[in-house]
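Visitor: Protein sequences appear in the order of chains A and B.
Under the working numbering, the very last position in the first sequence is 589; numbers go up by exactly one each time.
Under the working numbering, the very last position in the second sequence is 892; numbers go up by exactly one each time.
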Amino acid sequence: MDDFEAWLAATRDQIFGEIDRLHEQVRRDGAEFLAEEGGSPEFDEVAQLVVAGRLSWSDVCTGNSADPVVQSLHRRFWQAPDDDARRR
Amino acid sequence: MAAIEHDPRDLVAFSANVLDPSWDHFTTVNLYLHRHCATTEGLDGVFGALLGPAVRNYAAEWRTVVSPGAGVLQADSADLRKAARRYERNEQYNADSLFTTGKRLQPGSGVEERVAFDTATPKLSVGAFKRVSYGELGTPEVPAGQKDFKQAFQELDSKLGWLEQKLREYVDVDLHGYVQPLIGDWGVLWRISDAWRRAAGQGGDTAGMYPLYKELHTFSPALYAHWNGPGARAFEFHLDRFEAAVLAASNQAQYAAESVKAGAVYAEKIFNLVFDKVEEALTRVMKLATSKGGAAGKYLEVVDLVVTFLKGLLQTVTDGVGTLVAGFDRWVAYMRTGGDFSVFRES
């Protein structure tokens with residue numbers, strides 16, 4: 502059982518380390534995406550919430566949050582290029 | 546002078562026809578378990594690293610605690626023959642002392658009470674002790690209808706490779722590194738479980754610990770019915786305890802079979818969960834190709850997909866494997882107390 506606990510702790514660390522790495526990568530890459538589109542200081546706030554486990558990227562993807570910042574980012578990220586072109 | 550109230554040939558017959566084959570079968574069961582349950586070769590990943598030692602501990606504890614029982618049966622058999630010879634020489638005290646003191650007396654030691662053995666009217670019961678026979682334990686098998694692990698894993702590996710290729714268009718991630726340890730060849734566990742089941746012998750089999758208990762328990766009353774005196778009572782007390790321990794060993798083997806079977810079922814369940822998660826992730830990632838979303842949205846979708854996948858794997862392991870390992874540990878701890886099996890260490 503001790504072996505299992507040690508293995509589980511190591512695996513948990515490894516998986517959460519990988520998730521942290523992905524979150525960090527998203528913050529960097531997301532900022533780049535946004536910078537290309539004129540920048541968004543809110544993005545970093547949302548990223549902080551995701552890293553803190555209070556929000557998932559899925560919420561941002563789906564807009565599944567009452568938070569206006571998240572909804573704004575969702576619209577931004579999921580703004581279909583074709584629709585966007587039509588609007589323009 | 547009182548006559549000895551039994552025919553010593555009863556003891557010889559019981560020794561040769563009941564105890565000897567039982568001792569032989571006891572040894573066979575233990576060798577069988579050692580051969581089939583002491584190694585978990587082929588059980589890789591988490592199951593190999595965590596369940597493997599637990600499963601092997603079963604066999605090791607059995608060997609330590611239960612195996613000596615074969616030696617006790619062998620000694621009992623030899624003592625019965627020795628006692629028979631002493632009864633035939635009218636050394637009733639020495640013969641009875643073999644069992645009442647639990648020690649083997651040297652010829653001529655102790656107080657000999659010489660009594661006449663009434664050969665003219667022997668109370669024969671030799672016919673009651675026909676040679677008992679036990680069946681073959683057979684080869685441990687994976688139950689029919691079980692999915693072939695190697696084929697299933699190849700399919701998973703191929704899907705996972707495809708998924709990774711798609712994901713890497715967006716993020717750098719190595720899912721194989723996380724999935725691989727969660728894959729265990731449940732075929733190994735099924736075979737070990739089947740070996741324990743056969744050794745327990747509780748399914749109406751003619752081999753294993755339960756039939757051994759049954760044969761001893763069936764024939765021993767016939768022995769006591771024709772053998773009186775302090776030696777007989779002491780032997781009856783000892784053999785009753787021995788029979789109870791054999792029954793407990795059968796139950797423990799059955800419990801081991803069920804526990805290892807739970808491991809096999811769980812290994813396959815984990816595989817199926819991983820497989821489903823890979824398919825689900827593949828479906829999501831394929832949808833992205835036709836999605837109208839922007840690059841950033843697709844990117845986040847992939848990240849979310851990977852995070853959900855990894856958290857799901859962790860949850861699966863935390864929920865199930867820990868419970869299984871704890872179950873194995875409890876059994877091994879119980880065996881180590883030796884409570885039911887102390888009689889196996891007597892000689």
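Heads up, the beta-carbon is just placed ideally off N, CA and C, and yes, glycines get one too.
Please read all numbers here as calculations on a predicted model, not as lab measurements.
For B:Glu686, does the three-state DSSP call read helix, strand or coil?
Guide: Working through the second sequence from its first residue, we reach residue 686 of chain B at position 141. Coil at B:Glu686, not helix or strand.
Visitor: Please state whether the Cβ-Cβ distance between B:Leu595 and B:Val870 is less than 8 Å.
Guide: Residue mapping note: residue 595 of chain B aligns to position 50 of the second sequence, counting from 1. Residue mapping note: residue 870 of chain B aligns to position 325 of the second sequence, counting from 1. Yes.
Visitor: Should B:Gly746 be flagged as near chain A, meaning a C-beta pair shorter than 8 Å?
Guide: For this step, residue 746 of chain B is matched to residue 201 along the second sequence. Not one chain A Cβ lies under 8 Å of B:Gly746.
Visitor: Using C-beta distances below 7 Å, list every residue in its chain close to B:Tyr755, excluding the 5 sequence neighbours before and after it, in chain order.
Guide: The residue you call residue 755 of chain B lines up with position 210 of the second sequence. For B:Tyr755, where only same-chain residues beyond five positions count, the Cβ hits under 7 Å are Ala745, Gly746, Gln747, Ser795.
Visitor: Within 10 angstroms of the Cβ of B:Asn585, are there 16 or more other Cβ atoms? Answer buried if so, exposed if not.
Guide: By 1-based counting over the second sequence, the position of residue 585 of chain B is 40. Per the sequence shown, the amino acid found at residue 585 of chain B is Thr instead of Asn. Classification of B:Thr585: buried, given that the 10 Å Cβ count is 16 or more.
Visitor: Give me the chain A residues within the contact set of B:Glu846, using Cβ-Cβ distance strictly less than 7 Å, ordered along the chain.
Guide: Along the second sequence, one-based indexing puts residue 846 of chain B at 301. Ordered by position in chain A, the residues that pass the 7 Å Cβ test against B:Glu846 are Cys562.
Visitor: Let me know the secondary structure DSSP gives B:Glu714 once reduced to three states.
Guide: What you label residue 714 of chain B is simply residue 169 of the second sequence in a count that begins at 1. In this structure, B:Glu714 counts as coil in the three-state DSSP scheme.
Visitor: What's the C-alpha gap between B:Ala826 and A:Pro569?
Guide: What you label residue 826 of chain B is simply residue 281 of the second sequence in a count that begins at 1. What you label residue 569 of chain A is simply residue 68 of the first sequence in a count that begins at 1. Each residue's alpha carbon lies about 28 Å from the other.
Visitor: Closer than 9 Å by beta-carbon distance: list the chain A residues that pair up with B:Tyr800, in chain order.
Guide: Against the second sequence, residue 800 of chain B aligns to sequence position 255. Simply none; closest approach about 18 Å.
Visitor: Report yes or no: do the stretch 754-771 of chain B and the stretch 565-581 of chain B share at least 3 C-beta pairs separated by less than 8 Å?
Guide: yes
Visitor: At the 8 Å Cβ level, is B:Val610 part of the contact set with chain A, yes or no?
Guide: To locate residue 610 of chain B, count along the second sequence from 1; it is residue 65. Residue-level contact check: B:Val610 does not touch chain A, since none of the beta carbons of chain A fall below 8 Å from its beta carbon.
Visitor: Buried or exposed: which applies to B:Phe764, given that a residue is buried once 16 or more other Cβ atoms fall within 10 Å of its Cβ?
Guide: Start at 1 with the first residue of the second sequence, and residue 764 of chain B comes out as number 219. By the neighbour-count rule (16 or more Cβ atoms within 10 Å), B:Phe764 is buried.
Visitor: Examine the Cβ distances between the stretch 717-730 of chain B and the stretch 776-786 of chain B and report whether three or more of them are shorter than 8 Å.
Guide: no
Visitor: If I measure Cβ to Cβ from B:Gln651 and keep anything under 8 Å in the same chain, skipping five residues before and after, which residues do I get?
Guide: Against the second sequence, residue 651 of chain B aligns to sequence position 106. Unreliable positioning characterises B:Gln651 in this predicted model, as indicated by a pLDDT of 45, which lies under 50. The coordinate reading is nonetheless provided below. For B:Gln651, where only same-chain residues beyond five positions count, there are no Cβ hits under 8 Å.
Visitor: Taking Cβ-Cβ distances shorter than 7 Å, what residues in chain B pair up with A:Asp545?
Guide: Sequence index remark: in the first sequence, residue 545 of chain A carries index 44 (1-based). Result: empty, since nearest Cβ-Cβ is about 14 Å, beyond 7 Å.
Visitor: Taking the beta carbon of B:Ala599 as the centre, do at least 16 other beta carbons fall within 10 Å, making it buried, or is it exposed?
Guide: Position 54 of the second sequence holds residue 599 of chain B. With 16 or more other Cβ atoms within 10 Å, it is buried.
Visitor: Check the Cβ-Cβ distances between B:Tyr723 and every residue of chain A, and say whether any is below 8 Å.
Guide: The residue labelled residue 723 of chain B in the question sits at position 178 within the second sequence. For B:Tyr723, the answer is yes, since a Cβ of chain A falls inside 8 Å of its Cβ.
Visitor: Would B:Asp702 count as contacting chain A if we go by Cβ distances under 8 Å?
Guide: Locating residue 702 of chain B in the second sequence gives position 157, where the first residue counts as 1. Cβ-Cβ to chain A under 8 Å: no for B:Asp702.
Visitor: Assuming B:Ala623 contacts B:Tyr632 under a Cβ cut-off of 8 Å, what Cβ separation, rounded to an integer in Å, is found between them?
Guide: Translated into the one-based positions of the second sequence, residue 623 of chain B becomes position 78. Translated into the one-based positions of the second sequence, residue 632 of chain B becomes position 87. No, B:Ala623 and B:Tyr632 are not in contact; Cβ-Cβ is about 15 Å, not under 8 Å.
Visitor: In chain B, which residues lie with their C-beta within 7 Å of the C-beta of A:Glu519?
Guide: Residue numbering aside, residue 519 of chain A sits at position 18 when the first sequence is read from its first letter. Per Cβ cutoff of 7 Å: Leu855.
Visitor: Return the residue from the list A:Arg576, A:Thr512, A:Ala548, A:Arg555 that minimises the CA-CA distance to A:Val527.
Guide: For the purposes of this step, residue 527 of chain A is taken as the residue at position 26 of the first sequence. Answer by Cα proximity: A:Ala548.
Visitor: When the cut-off is 8 Å and only beta carbons count, does A:Leu556 lie next to chain B?
Guide: Taking the first residue of the first sequence as position 1, residue 556 of chain A is located at position 55. By this cut-off, A:Leu556 is not an interface position.
Visitor: Enumerate in chain order the residues of its own chain whose CB-to-CB distance from A:Glu546 is below 7 Å, with the five nearest sequence positions on each side excluded.
Guide: As a working note, residue 546 of chain A is residue 45 in the first sequence. Val570, listed in sequence order.
Visitor: Have a look at B:Arg676 and B:Leu564 and give me their C-alpha separation to the nearest angstrom.
Guide: Residue 676 of chain B sits at position 131 when you count from the first residue of the second sequence. Residue 564 of chain B sits at position 19 when you count from the first residue of the second sequence. Using only the alpha carbons, I get a separation of about 9 Å.
Visitor: Identify the contact partners of B:Gly753 in chain A, using a Cβ-Cβ distance below 7 Å as the criterion.
Guide: Within the second sequence, residue 753 of chain B is the residue found at index 208, counting from 1. Under the 7 Å cutoff, chain A gives no residues; its nearest Cβ is about 30 Å from B:Gly753.
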